[in-house]
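Novice: Below is the structure I would like to discuss, written out as structure tokens.
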Amino acid sequence: MIGAGAGLSTSAGFVYNGESFEKHFSDFGKKYGFKDMYSGGFYPYEISEEMWAYWSKFIFVNRYMDAPKPVYEQLLSWVKDKDYFVITTNVDHCFQKAGFDKNRLFYTQDDYGLFQCSEPCSDVTYENEEMVRNMVEQQKDMKIPKDLIPKCPKCGKPFTMNLRSQNSMT
Ligand SMILES: [Zn+2]
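Residue numbers (numbering that gives the first Met the number 0): 0 to 169.
Set out below in structure tokens:
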């Protein structure tokens with residue numbers, strides 16, 4: 000039985016400040032005055048194009064990029080032939096990315112890799128990898144093009160992250 004919290008991802012090099020922040024978010028930090036990725040998520044961006052420029056990068060770095068250090072792969076090599084089970088509060092999907100068996104994982108339903116309607120008009124969630132990659136690639140001066148603002152295909156309201164803390168249904 001493996002219990003994992005944020006510390007495991009920190010040791011794999013997923014950190015919200017320091018080098019990783021400087022590398023990916025120094026321009027945002029300079030403009031808005033925050034010094035770590037977490038604070039950047041709480042910044043009250045005035046327009047959606049700015050908010051999504053930040054969030055798409057945040058999601059890309061924390062959800063779709065590989066961890067800088069192979070901590071999860073190492074852990075898997077120790078347990079892969081054993082009858083293991085993992086419980087984690089991490090939302091970065093490092094276990095899945097490292098090749099852990101999905102059936103041997105219990106994780107919270109929060110997932111940076113999913114969007115949902117901000118209304119919400121239904122409880123459907125949408126895989127966001129392509130949307131996120133497009134927003135990251137096409138942003139300029141910390142803004143995404145207006146037509147890339149992700150919207151609910153059912154009602155046209157903006158999407159939001161699939162995070163329990165922001166879920167208006169709970
Ligand atoms: Zn909707």
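Note that beta-carbon positions come from the ideal geometry of N, C-alpha and C, so glycine has one too.
None of the values given here were measured: they were computed from a predicted structure.
Would you say Pro149 faces chain C, with C-beta separation under 9 Å as the test?
Specialist: Absent here is chain C; the protein component of the structure consists of one chain.
Novice: Kindly indicate which three-state DSSP category Met168 falls into: helix, strand or coil?
Specialist: The predicted position of Met168 is uncertain, since its pLDDT is 40 and thus under 50; a value taken from the coordinates is nonetheless stated next. Met168 falls in the coil class under three-state DSSP.
Novice: Can you name, in chain order, every residue of its own chain whose Cβ lies under 7 Å from the Cβ of Ser47, other than the five neighbours on each side?
Specialist: Cβ neighbours of Ser47 beyond the five flanking positions: Ile148, Pro157.
Novice: Hey, would you say Val70 sits closer than 9 Å to Leu162, going by beta carbons?
Specialist: Not closer than 9 Å, so no.
Novice: Let me check you understand the geometry: is the CB of Pro119 closer than 8 Å to at least one non-hydrogen atom of ligand 1?
Specialist: At least one heavy atom of ligand 1 is nearer than 8 Å to the Cβ of Pro119, so yes.
Novice: Compute every distance between the C-beta of Lys68 and the non-hydrogen atoms of ligand 1, then say whether any falls below 8 Å.
Specialist: The answer is no for Lys68.
Novice: Our contact map puts Trp77 next to Met134 with C-beta atoms below 8 Å; I'd like the distance itself, whole angstroms only.
Specialist: Not confirmed; about 37 Å, so no contact.
Novice: CB of Gly155 to nearest heavy atom of ligand 1: below 8 Å?
Specialist: True, at least one ligand heavy atom lies under 8 Å from that Cβ.
Novice: Using CA atoms only, rank isn't needed, just tell me which of Asn61, Tyr42, Trp54, Met0 is closest to Thr9.
Specialist: Here the closest residue by C-alpha is Asn61.
Novice: Sort Met160, Met141, Pro152 by Cα distance to Glu45 and report the nearest one.
Specialist: The candidate whose alpha carbon is nearest that of Glu45 is Met141.
Novice: Can you tell me whether DSSP reads Met0 as helix, strand or coil?
Specialist: In this structure, Met0 counts as coil in the three-state DSSP scheme.
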